[in-house]
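Engineer: I have a structure I would like to understand better, so I am pasting it below and will then ask my questions one at a time.
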Amino acid sequence: MASINDIGVAAAINIVTAFAFLLAFAIFRIQPVNDRVYFPKWYLKGLRTSSIQTGGFGSKFINLDFRSYVRFLNWMPEALKMPEPELVDHAGLDSVVYLRIYLLGLKIFFPIACVAFTTMVPVNWTNKGLDGLRHTNISFSDIDKLSLSNLPNGSSRFWVHLCVAYAITFWTCFILKREYQNIALMRLQFLANDQRRPNQFTVLVRNIPADPHESICELVEHFFKVNHPDHYLTFQAVHDATKLSELVLTRKQMQNLLDYNINKHVRNLNKRPKIKMGFLGCFGEEVDGIKYYTSAVEGLTREISEEKQRLRTGTKSIVPAAFVSFKSRWGAAVCAQTQQTRNPTEWLTEWAAEPRDIYYDNLALPYVDLKIRRLIVGVAYFFLTFFFMIPIAFVQSLANIEGIEKAFPFLKPLIEVDLLKSIIQGFLPGIALKIFLLFLPRILMQMSKFEGFVSTSSLERRAASRFYMFQFINVFLGSIVTGTAFQQLNKFLNQSANDIPKTIGVSIPMKATFFITYIMVDGWAGVAGEILRLKPLIIYHLKNSFLVRTEKDREEATDPGTIGFNTGEPQIQLYFLLGLVYAAVSPILLPFILVFFGLAYVVYRHQVINVYNQKYESAGKFWPDVHRRVVTALIVSQLLLMGLLSTKHASKSTPLLLVLPMLTIGFHIHCKCRYQPAFVTYPLQEAMIKDTLERTREPNLNLKAFLRDAYAHPEFRVGEDIDEEMGMTKAKSDMSPELVATRRGSWRNTPLPSKNSYPNSH
């Protein structure tokens, strides 16, 4: 059981670590040699082409302007200066909405902390409920006297906690509703003011049924000309371009080596660069490097051209999916948000994500396969969650040394040193849990890919949902259950089964000390380590020293990364869960959470402005998930408080507490009905307004040319423009209804025979 001294040691370690990270960052960021690591976003935008100026005595690598070291903390106010509308233009709405999650935490928990420390903490501290347990085997420390556990059974002071629980619920719901409303309005304004994008006119069609008479391209064109005759514009078929991707990657590598050899020759015109053809370029026959790589690039270019031609003209590589574009946003909205045929498993339509958001590998998966894949992933996820309890139990054994000492006295001499004991209990559990969770996001992302989601944003949202549920079950519930078992191990072994719930009721508030250590490791030192970017810094300099041959290599050596919604948002939600659960149980946790939200907001705002380069823009589509998880945390906190009070014989408060979950669920249903449609569908009124304005401002807009190669596989756009052979149809100026050519009997899809129908196709 961690004591106040243990928490103090952990706080000192994490504060020193966080300060060291921030100080190192402040110094590293002003060094010219690190400029690409700490300001990569400005390089990608083309607004920064060289290192920062270092004054008259500046050099290429080290900043010798000593005045800049005096202002080494000026990055903090600079990170807060950019107004939100400008930040939306600079980084996108997704980044701004993500930052507002941290502001949401500050808005919710700061008033709650003020109320809790002025009402509940004095009430808890002035009782002596835990003193009556000294003759028992239950372990506790002085810090636990600030929690609900210090109130004796049946105390009349539980009404204070009941009133605070109501205050927490109403305040949290008020802030959540206002934030949901603001984000929904921001999203609609962003979509209204947004520049013309291909995804505004395009629908993804999946599960196109096979037809013996028509190819996929012919079938798609026929179906949409018949069923959307006034609005259909064109389509782009989806190809299996695995071989083409490999060829493009190889050519890229060869081109880079060619550029390196040319640059090498330019520096020394009297000497032609030579390469060896043997193993790793160390042995074998020497050849002229420029001629060799020129020949290799030319050969690969021919192969790529041939492969593109094969894909364009062939039908075997086309998968049963297509991107269908319409003449207006209104037409696309109608198609995306309606059922196309009697069979709801065929011709499935949904809004196409923006081109850079598409995950092409999953476009061809059949409808039935998706169900089977998700069942397999569900079973795998269950076992992953279940078996992860083993390392969680190990971490909790570190956090409760005193309980282990009572159960296993022979270990006592090894952990009797006070300083060592404080470090183990106050620091090691948090860092151990952080290490165990390190590789989990990659596993969950691979699971999401296997499930068949077709956009990076949906992949990340799915992985985030599973990561949050994993943390809820293992980190939160698992830490409480296994931690309580280790903490009161001797008590459990020597009491009747009927008394175990009471012991758990006393022990759960005491787990706040473990979560405090976790918050300090992950939320304080972890956030400070994020801004230092130590891993990207080391990788960049290693690549720059040994692998960078050209300027293009140097650009690729710096990976700015993204916010990482699939890992960042579930971590934030864990803090919401801990804060809401322990606000009315052990308020001592709240100041540590507030420090996290404040520090993280400043750090991630700096990263969004200077570092992160988002791979896609979903216009804050993930906010309903954020809202739902905060509401879930609120309901869990209410149920947990209800259970704890029942173990404290405060049965009179149970009927009043039962009202809170019902009110919270009703609040969630109201918000879902009122605001969530703005994140799922596109109002036809908004689509028509935007279409009308666009037709007025640009009456001669060639929309087909704009959409021409928007959703072609990325490898088709490498090196040359895509042409009409990708399944694009020619625009026709005839505004009269068109008779659609088909090779099948018209009775299957059209009410009357087409004059161009083949007579023998019945």
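Here the sequence shown is numbered in my numbering, starting from 579 and rising by one per residue.
Cβ atoms here follow ideal geometry from the backbone N, Cα and C, with glycine treated the same way.
Remember, predicted model here, so these are calculated numbers, not experimental data.
Suppose you measure from the CA of T697 to the CA of C751; what does that come to, to the nearest Å?
Structural biologist: Looking at the two C-alpha atoms, the distance is approximately 21 angstroms.
Engineer: Closest by CA to K1282, which one among T780, M764, T812, L889?
Structural biologist: Out of T780, M764, T812, L889, T812 has the C-alpha closest to the C-alpha of K1282.
Engineer: Going residue by residue through the segment 716-794, where are the continuous beta strand (DSSP E) segments of at least 3 residues, counting only ones entirely within it?
Structural biologist: The qualifying runs are 780-784.
Engineer: With E928 as the anchor, note down where its beta strand (DSSP E) starts and where it stops.
Structural biologist: 926-929 is the span of the beta strand (DSSP E), which, as asked, contains E928.
Engineer: Mind the definition here: the segment 586-601 touches the segment 1094-1108 only if three or more C-beta pairs lie below 8 angstroms; say whether that holds.
Structural biologist: Yes: the two stretches touch, three or more of their Cβ pairs being nearer than 8 angstroms.
Engineer: Check whether the segment 1267-1286 and the segment 787-799 are in contact - that is, three or more C-beta pairs closer than 8 angstroms.
Structural biologist: Because the criterion of three Cβ pairs below 8 angstroms is not met, the segment 1267-1286 and the segment 787-799 do not touch.
Engineer: Shortest alpha-carbon distance to A674 belongs to which of R1111, V1180, W653, R1252?
Structural biologist: Note that residue 674 corresponds to Val in the displayed sequence, not to Ala. For the residues R1111, V1180, W653, R1252, the minimum Cα distance to V674 belongs to V1180.
Engineer: With DSSP run on the structure shown, which of helix, strand or coil describes A1352?
Structural biologist: Examination of residue 1352 is not possible in this model, given that the chain is present from 579 through 1340 alone.
Engineer: According to DSSP, is V816 helix, strand or coil?
Structural biologist: Strand.
Engineer: Per DSSP, D866 forms a beta bridge with which residues?
Structural biologist: Partner(s): K852.
Engineer: In whole angstroms, give me the CA-to-CA distance for I1166 and V1209.
Structural biologist: Cα to Cα, the separation comes out at about 22 angstroms.
Engineer: Can you tell me whether DSSP reads L943 as helix, strand or coil?
Structural biologist: Three-state result, L943: coil.
Engineer: Could you tell me the alpha carbon to alpha carbon distance between G1101 and L953, rounded to whole angstroms?
Structural biologist: Distance between the alpha carbons of G1101 and L953: 35 angstroms.
Engineer: Looking at the structure shown, is L811 part of a helix, part of a strand, or coil, going by DSSP?
Structural biologist: Strand, per DSSP.
Engineer: Let me know if S1035 comes out buried or exposed under the rule of 16 or more other beta-carbons within 10 Å of its beta-carbon.
Structural biologist: Burial call: buried.
Engineer: T893: buried (16+ other C-beta within 10 angstroms of its C-beta) or exposed?
Structural biologist: By the neighbour-count rule (16 or more Cβ atoms within 10 Å), T893 is not buried but exposed.
Engineer: Relative to the C-alpha of T1341, which candidate in Q1263, I1267, V1258, I1213 has its C-alpha closest?
Structural biologist: No answer is possible for residue 1341: the residues shown for the chain start at 579 and end at 1340.
Engineer: Within its chain, find whatever has a CB closer than 6 angstroms to the CB of D935; leave out the 5 residues flanking it on each side and keep chain order.
Structural biologist: If we look at D935 and ignore the five residues flanking it on each side, its Cβ neighbours are S1033, T1034, S1035, Y1194.
Engineer: Sort out for me which residues DSSP pairs I1058 with in a bridge.
Structural biologist: The partner list for I1058 (beta bridge, DSSP) is empty, contrary to what the question assumes.
Engineer: Secondary structure at S1033, three-state DSSP: helix, strand or coil?
Structural biologist: Three-state DSSP puts S1033 in a strand.
Engineer: Pick out the complete alpha helix (DSSP H) segments inside the segment 1131-1194, 4 residues or longer, and give them in chain order.
Structural biologist: As far as the segment 1131-1194 is concerned, its whole alpha helix (DSSP H) runs of at least 4 residues are 1143-1161, 1168-1188.
Engineer: According to the neighbour-count rule (16 or more other Cβ atoms, all chains shown, within 10 Å of its Cβ), is Y676 buried or exposed?
Structural biologist: Flag for Y676 reads buried.
Engineer: Check I1117 in the structure and name its three-state DSSP category.
Structural biologist: Helix.
Engineer: Look at R1206 and Q1151 and say whether their C-beta atoms are less than 7 angstroms apart.
Structural biologist: No, Cβ-Cβ distance for R1206 and Q1151 is not below 7 angstroms.
Engineer: Expressed to the nearest angstrom, what Euclidean distance is found between the alpha-carbon atoms of C913 and M1240?
Structural biologist: Approximately 38 angstroms between the Cα atoms of the pair.
Engineer: Would I585 and A1161 qualify as a contact pair, given that the criterion is a beta-carbon distance under 7 angstroms?
Structural biologist: No, they are not a contact pair.
Engineer: Residue range of the alpha helix (DSSP H) that E1272 falls in?
Structural biologist: Where E1272 is concerned, the enclosing alpha helix (DSSP H) stretches over 1262-1275.
Engineer: Cα-Cα, which of W749, N702, L766, M764 is closest to W737?
Structural biologist: Per the Cα distances, N702.
Engineer: Look at the Cβ atom of A1256, then the Cβ atom of A762, and state whether they are nearer than 7 angstroms.
Structural biologist: A contact, by the Cβ cut-off of 7 angstroms.
Engineer: Once you ignore the five residues that flank G555 on each side, which residues in its own chain have a CB closer than 7 angstroms to its CB?
Structural biologist: Outside the modelled stretch of the chain, which goes from 579 to 1340, sits residue 555, for which no answer is possible.
Engineer: Grouping DSSP H, G and I as helix and E and B as strand, with all else coil, what is I608?
Structural biologist: Three-state DSSP puts I608 in coil, outside helix and strand.
Engineer: Which class does I1021 belong to by DSSP, given the choice of helix, strand or coil?
Structural biologist: The answer is helix: DSSP assigns I1021 an H, G or I state.
Engineer: Can you say whether G877 is buried or exposed, counting buried as having 16 or more other CB atoms within 10 angstroms of its CB?
Structural biologist: By the 10 Å Cβ count, G877 comes out exposed.
Engineer: For I936, name the three-state secondary structure that DSSP assigns.
Structural biologist: I936: strand per DSSP, three-state reduction.
Engineer: Do you know offhand how far F802's Cα is from Y810's?
Structural biologist: Each residue's Cα considered, the two are about 6 angstroms apart.
Engineer: What do you reckon, are the CB atoms on L825 and E881 nearer than 7 angstroms?
Structural biologist: Going by C-beta atoms, L825 is nearer than 7 angstroms to E881.
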